[in-house]
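Peer 1: After the C-alpha cells below, expect a handful of questions from me.
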Amino acid sequence: MPGGRVVLIGWGNARPGHLAPYEALYRARGDQVSTTIPDTAAGLLRPDGYLRTVASLAADLAGNAGAHPTWVHLFSDNGFIAWAALLRTLAESGAGRRARDAIRGVVLDSSPGLWNVRGRRDFARRFARGMTPAVSRALGLGARHAVPLITPTLEAAFLAYRLAFRGPVEMMLGSADVVAREQPRCPHLFLVGEADRVVETRDVRAWIARQRAAGIDATEVAFPQGRHVALLGSDPQAYRDAIAAFTARTVDAGAGGLLAEARAQERE
Numbered sequence: 000m001p002g003g004r005v006v007l008i009g010w011g012n013a014r015p016g017h018l019a020p021y022e023a024l025y026r027a028r029g030d031q032v033s034t035t036i037p038d039t040a041a042g043l044l045r046p047d048g049y050l051r052t053v054a055s056l057a058a059d060l061a062g063n064a065g066a067h068p069t070w071v072h073l074f075s076d077n078g079f080i081a082w083a084a085l086l087r088t089l090a091e092s093g094a095g096r097r098a099r100d101a102i103r104g105v106v107l108d109s110s111p112g113l114w115n116v117r118g119r120r121d122f123a124r125r126f127a128r129g130m131t132p133a134v135s136r137a138l139g140l141g142a143r144h145a146v147p148l149i150t151p152t153l154e155a156a157f158l159a160y161r162l163a164f165r166g167p168v169e170m171m172l173g174s175a176d177v178v179a180r181e182q183p184r185c186p187h188l189f190l191v192g193e194a195d196r197v198v199e200t201r202d203v204r205a206w207i208a209r210q211r212a213a214g215i216d217a218t219e220v221a222f223p224q225g226r227h228v229a230l231l232g233s234d235p236q237a238y239r240d241a242i243a244a245f246t247a248r249t250v251d252a253g254a255g256g257l258l259a260e261a262r263a264q265e266r267e
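Note that numbering that gives the first Met the number 0 has the sequence shown beginning at 0, numbered continuously upward.
Shown next as C-alpha cells:
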C-alpha cells in the first residue's frame, strides 16, 4: 500500500520513542506517518483539552482530504477519547466531513475500555490502574500495574477528581457516543491483548459487539500474551500480518467505493 497516510494517536503518558516502532512499521511499507500524543493532563483538567490537542491534526486532514488513502491507528482509552475529539472537530466543516469519510480503516490497539465504566468507584479503579505504571516508573520501580499504597492512593484521588472535575469527566465518558455518531463507516480492526490489565478484554469485545450491531465491519485479532499497548512486542510478526491484511483489504474496498462514486457521478 505505498503512498498511504497513517495517523497514529498515542496512549496516555506515551513518549515519542514509544510510538517509534509503529512509525517504523508503516514507513517500511512506504506510508507517510503523522503522530499525535494527546495531552493527558490537559484532558483531565479542561473539557476542551482533547479538542485543543487534535486541532492542528484536524486542520491538516481537512486541508488534504482525498490526497492519500488514510488510516487511523489509535491506542488505549487516551487514543479513543482523542479520536472522539478529532471526529467532533471534523464534523464541524464540509472539508472535515470529507476527510472523515475518506478514511479507509481504523485500527484500535488495546481500546476502548473506559466507555463501559460502571459507577464512580469503577471509574476511580480504572484510572488508578492506568496511572500506576507511570507513577511507579517515575519512582524507579519499573512499570507496575499495582503497587501497595500507591494504587489505593491514586484510586482515592480519582474518586475526588470525578466530583471536582465534572466537565472533563463527562467529556471522557461521552466519547463513545461521539464516536458512534460521527465515525466513518469504514472497516475497523481491534487488536486485543488477552493479558491486558488496564483495558479489559470484555470491555473491548462489548464495544466490538456494539459496532457490529450498528453495521460496522469490525474484525478482532487477539494476542494471547499481549499486555496493554505492548501487543507489537508480544508477537511482532502477527502484529505486522494483521496490519498488512487489514490495510490491503481496506485499500481494495476503498478503491472500489471511489470507482462506484465516480461512475455514479458520470451517470448524473
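Just so it is clear, CB atoms sit at the ideal spot from N, CA and C, and this is done for glycine as well.
Since this is a predicted model, take the numbers as computed values, not measurements.
Measure the C-alpha to C-alpha separation of R226 and E193 and round it to an integer number of angstroms.
Peer 2: Straight through space, the alpha carbons of E193 and R226 are spaced by roughly 7 Å.
Peer 1: Identify whether E193 lies in helix, strand or coil by the three-state DSSP scheme.
Peer 2: coil
Peer 1: Name, in chain order, the residues that DSSP records as bridge partners for V178.
Peer 2: BP columns for V178 are empty, so no partner.
Peer 1: Which of the three DSSP states is assigned to I102 in this structure?
Peer 2: strand
Peer 1: Using a Cβ distance threshold of 8 Å, determine whether the stretch 73-81 contacts the stretch 103-116, with at least three qualifying pairs required.
Peer 2: yes
Peer 1: Based on the DSSP secondary-structure assignment, which residues constitute the bridge partners of H72?
Peer 2: L7 and V106
Peer 1: Buried or exposed: V5, going by 16 or more other Cβ atoms within 10 Å of its Cβ?
Peer 2: buried
Peer 1: Are at least three pairs of beta-carbons, each pair with one atom in the stretch 184-201 and one in the stretch 228-243, less than 8 Å apart?
Peer 2: yes
Peer 1: Check each candidate in G11, T39, A243 and D30 and name the one with the smallest Cα separation from G3.
Peer 2: D30
Peer 1: Please state the DSSP three-state secondary structure of F245.
Peer 2: helix
Peer 1: By DSSP, does H17 sit in helix, in strand, or in coil?
Peer 2: helix
Peer 1: Between W114, H144 and R125, which has its C-alpha nearest S174's C-alpha?
Peer 2: W114
Peer 1: Got a sec, what are the start and stop residues for the beta strand (DSSP E) V220 sits in?
Peer 2: A217 to F222
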